[in-house]
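Let me begin by presenting the structure, written as structure tokens, before commenting on it.
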Amino acid sequence: MKLILFVLQDAEKLLDLLTAWKAAGVSGATVLFSTGMGRLHLTAPLLDDLPLMPSLNDFYVHDETLSRTVFTVVNEEMVEKIITVTEQVVGDLNKPGTGILVVLPTDSVHGLIEYGKQTDEPE
């Protein structure tokens, strides 16, 4: 089994990405809001310029400035297919602004339900 981690730069492509992954055979994925050092360095000077009486909204990071980190566990045969459909959605991963995809070996997986085999009844 492999763990695929993908940091998607353009959050507007998330639904297209998840649809493509599902069509490729991914049974489920987890999506997290994330941000990288580059974005933090860009916004850090703004923190020094907070108003004297800031509103609560000033302390929240807006969704449009966040990346999405998507991860899933798949069998080894699916890895190349997922890389291919990911690039169909976001473009060449070797170009800036698309994202970063990492594939890691997974020694053990527990609780994973294969696509199409979900049931409410115990086996």
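Anchor point for the sequence shown: position 75 equals 61 in our numbering, and the numbering is continuous, going up by one each time.
Virtual Cβ for every residue (Gly too), placed ideally from N, Cα, C.
Helix, strand or coil: how does DSSP classify Ile(-10) here? strand
Among Thr72, Val89, Val56, Leu79, which one has its Cα closest to the Cα of Phe19? Val56
Option nearest Glu73 by Cα separation, candidates Ile99, Ala10, Val59: Ala10
DSSP state of Ile99 mapped onto helix, strand, coil: coil
Using a threshold of 8 Å, state whether the C-beta atoms of Ile(-10) and Thr58 are closer than that. yes
Between which two residues does the alpha helix (DSSP H) containing Thr70 stretch? 65 to 76
DSSP-derived helix/strand/coil call for Lys(-1): helix
Less than 7 Å between C-beta atoms, sequence neighbours within five positions excluded: which residues of the same chain meet that for Lys81? none
On the CB-based measure, 16 or more other CB atoms within 10 Å of its CB, does Ile68 come out buried or exposed? buried
For Thr21 versus Ser53, is the C-beta distance shorter than 8 Å? yes
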